[in-house]
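Accompanying notes for the structure given below.
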Ligand SMILES: Nc1ncnc2c1ncn2[C@@H]1O[C@H](COP(=O)(O)OP(=O)(O)O)[C@@H](O)[C@H]1O
Ligand SMILES: [Mg+2]
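Given below as structure tokens:
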């Protein structure tokens, strides 16, 4: 939607008003989470503990062999840290991301469509997932533990976290909004999420043939972790810029898919005729 | 542009259409699934679709400041129509303008200027108290802080919801929730309000309270109100004009005065006596009567119940009730309207040419 010209000078521009909304949701959800501080901390630490099992697994693997392809222990820890931080970031800002399919099916999109905000952002951001803070913190700490704390490198890692988070989020989102086109897609949506997560956890050389093609297209684990690792090890501004452009391309694509799907929204197509 | 703004003149009053609808149609395609595994498999490979015509070629206008009742039995297409007017659903065909805006193309602009309440679907955050929901809504509708506080004070007072503001919505009763929902929909001072069955499932006292509030809203701020209902009482008490739809098509679009005179003239009286009586009042229609035994404290006894229809065009209701009271000891008496389904049947039989029109489409 284009609303470049602002009819009412007192009202903030569309972008500012949307950012304000996101900030309001964010404050609100965080305050709500803090009200149950015990449960908040439990969820955050539970997630971190859960993730640690994975480190032990790789530590054992790498105590026997030195390299898998180009990946040593530190490289595997890098993609694991980035995947975790990106996943956390995506679920902090887009807390509703894995509810979208259900929201569409049960006709709950109505409430968002009645509000004067972009439906896509409004749905995605109106909730936050508390345990996602654990994933984010875990990813950042693991990165520093393995690669040390150099401000430049840390900043680069944070940049990757933001854009890989956006990319990861919009792939999961695309899996969810297939519901507009295919009806009940709970299984497919869950599968997409599983694929995205598990493809980002193994050294790139594990993937061959069709799957290799897949990780640079439909399930772009390549752009989420493998390319960032390459840029991290051999930095160039051009490569970083290109990566960000590709990430934004995916974001734009999923947004278009959503707008297209919205035309087919049935506001409660739970009703399935039975013969 | 299909519509022109043309102020008109009706009974000497200037009117301005605020909602204009023409040829509006909505079809749903639902997947038909046969039972069993084989059926599931077949529907996956070669899905069969069934087209449901929820709304078919509807046209009407609503004037500024009007309260319009959009009536029809369950499944008539009322909710579907409201969803298209508010930008939730894309129409299959037809034109809509609300406040001069196209609800699907200018959805966000329109949302600032309308309010919507669905009796069966909550728009408040379920786990939050209304007070917090209101605050979030103020952010969404970009209401400045001071204005917001004044508005909340005003609405909370008007709707008498002081004590409900801090209770999570999921813990409120239906009537309490509906009051909060309506108050929430008024926060941003909408020019038009859409209410989809706001009184459904409410008991009589609460229903009356909601109706009073709707009237008040209309009077205080000259808000245009588009109301759907399948409760005849809603039209009688609230509206000057009613549109009746059935099977997705408009059956009648008429002033409530005419409607009342022509079709709402029957009242149904259900009366119960402590012992059998014989009701012989000229001009009434006896629909049902029954004698039955009850186990009273003083042994077995017979009670008697009857249901009668009174044509208020020919009979004075008060007079009939008085006569009924005189027949014996009355245990219980209720007066109600004819169900909407029967009124629609009456409309069909009274206007055969219109009937033919509807079935042909
Ligand atoms: N999402 C949907 N998918 C399929 N059919 C629907 C859907 N929504 C409504 N319908 C059908 O459209 C018709 C009108 O429904 P609705 O507008 O909800 O009626 P009302 O609100 O008057 O009770 C009904 O036959 C209903 O089954
Ligand atoms: Mg309905």
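Residue numbers (this note's numbering), protein chains in the order written: chain D, 5 to 279; chain L, 3 to 363.
Where a beta carbon is used, it is the ideal one built from N, C-alpha and C, also for glycine.
Below-8 Å beta-carbon distance, residue i vs any chain D residue
i                      : result
residue 62 of chain L  : no
residue 91 of chain L  : yes
residue 141 of chain L : yes
residue 118 of chain L : yes
residue 113 of chain L : yes
residue 136 of chain L : no
residue 366 of chain L : Look at the range of chain L in this structure, 3 to 363, and you will see that residue 366 of chain L is not part of it.
residue 110 of chain L : yes
residue 40 of chain L  : no
residue 125 of chain L : yes
residue 30 of chain L  : yes
residue 55 of chain L  : no
residue 173 of chain L : no
residue 80 of chain L  : no
residue 33 of chain L  : yes
Interface flag, residue i vs chain L, CB-CB below 8 Å
i                      : result
residue 269 of chain D : yes
residue 265 of chain D : no
residue 1 of chain D   : There is simply no residue 1 of chain D to check, as chain D begins at 5 and stops at 279 in what is shown.
residue 99 of chain D  : no
residue 32 of chain D  : yes
residue 28 of chain D  : yes
residue 17 of chain D  : no
residue 41 of chain D  : no
residue 24 of chain D  : yes
Run of the alpha helix (DSSP H) containing residue i, from where it starts to where it stops
i                      : result
residue 276 of chain L : Note, residue 276 of chain L: premise wrong, no alpha helix (DSSP H); not H, not E.
residue 401 of chain L : Outside the displayed span of chain L (3 to 363) sits residue 401 of chain L, for which this structure offers no information.
residue 255 of chain D : 241-266
residue 163 of chain D : 155-181
residue 210 of chain L : 206-223
residue 56 of chain L  : Unbroken run through residue 56 of chain L is the beta strand (DSSP E), 50-65; no alpha helix (DSSP H).
residue 126 of chain D : 123-129
Burial state of residue i, where buried means 16 or more other Cβ atoms lie within 10 Å
i                      : result
residue 76 of chain L  : exposed
residue 146 of chain L : exposed
residue 197 of chain L : buried
residue 182 of chain L : buried
residue 140 of chain D : buried
residue 214 of chain D : exposed
residue 240 of chain D : exposed
residue 6 of chain L   : Confidence at residue 6 of chain L is low in this model, with a pLDDT of 44, below 50, so the placement of that residue is unreliable and no value is reported for it.
residue 283 of chain D : As shown, chain D starts at 5 and ends at 279. That puts residue 283 of chain D outside it, with no answer to give.
residue 8 of chain L   : In this predicted model, residue 8 of chain L has a pLDDT of only 47, less than 50, meaning its place in the structure is not dependable enough to derive any value.
residue 174 of chain L : buried
residue 121 of chain D : buried
residue 343 of chain L : exposed
residue 198 of chain D : exposed
residue 263 of chain D : exposed
residue 25 of chain D  : buried
residue 116 of chain L : buried
residue 21 of chain L  : buried
residue 241 of chain L : buried
residue 169 of chain D : buried
residue 80 of chain L  : buried
residue 275 of chain L : buried
Distance cut-off 7 Å: residue i Cβ against heavy atoms of ligand 3
i                      : result
residue 141 of chain D : Ligand 3 is not part of this structure, which contains only ligand 1 and ligand 2.
N- and C-terminal bounds of the beta strand (DSSP E) containing residue i
i                      : result
residue 256 of chain L : 251-257
residue 117 of chain L : 116-120
residue 194 of chain L : 194-198
residue 99 of chain L  : 95-100
Within chain C, partners of residue i - CB distance below 8 Å
i                     : result
residue 85 of chain L : The structure shown contains no chain C; the protein chains it does contain are D and L.
**Request:** Using a Cβ-Cβ cut-off of less than 9 Å, give me the residues of the segment 108-139 of chain D that come near chain L, in sequence order.
**Result:** 111, 112, 113, 114, 115, 117, 118, 119, 120, 121, 122, 123, 126 and 130
**Prompt:** Any chance the segment 158-175 of chain D sits against the segment 23-43 of chain D, with 3 or more Cβ pairs inside 8 Å?
**Reply:** no
**Prompt:** Contact between the segment 202-210 of chain D and the segment 151-165 of chain D: three or more CB pairs below 8 Å?
**Reply:** no
**Request:** Check whether the segment 276-285 of chain L touches the segment 311-330 of chain L, counting contact only when three or more Cβ pairs, one atom from each stretch, lie closer than 8 Å.
**Result:** yes
**Prompt:** Residues in the segment 144-159 of chain L with C-beta within 7 Å of chain D's C-beta atoms, listed in sequence order?
**Reply:** 144
**Asked** Are at least three pairs of beta-carbons, each pair with one atom in the segment 182-193 of chain D and one in the segment 50-57 of chain D, less than 8 Å apart?
**Response** no
**Request:** Can you give me, in chain order, the residues of the segment 163-193 of chain D that have a beta carbon less than 7 Å from any beta carbon in chain L?
**Result:** 187
**Message:** Assess contact between the segment 89-100 of chain D and the segment 57-72 of chain L, defined as three or more Cβ pairs (one per stretch) separated by less than 8 Å. Is contact present?
**Reply:** no
**Prompt:** Per the contact definition of three or more C-beta pairs closer than 8 Å, is the segment 105-114 of chain L in contact with the segment 147-166 of chain L?
**Reply:** no
**Message:** If contact is defined by three or more beta carbon pairs under 8 Å, each pair taking one atom from either stretch, is the segment 229-243 of chain D in contact with the segment 101-119 of chain D?
**Reply:** no
**Message:** If contact is defined by three or more beta carbon pairs under 8 Å, each pair taking one atom from either stretch, is the segment 256-267 of chain L in contact with the segment 289-297 of chain L?
**Reply:** no
**Prompt:** Does the segment 244-260 of chain L touch the segment 48-63 of chain L, meaning 3 or more C-beta pairs lie closer than 8 Å?
**Reply:** yes
**Asked** Touching or not, the segment 68-80 of chain D and the segment 99-114 of chain D, by the rule of three or more beta carbon pairs under 8 Å?
**Response** no
**Message:** Tell me which residues of the segment 314-340 of chain L have at least one Cβ-Cβ distance to chain D shorter than 8 Å, keeping chain order.
**Reply:** none
**Asked** Do three or more CB pairs link the segment 213-220 of chain L to the segment 36-44 of chain L at distances below 8 Å?
**Response** no
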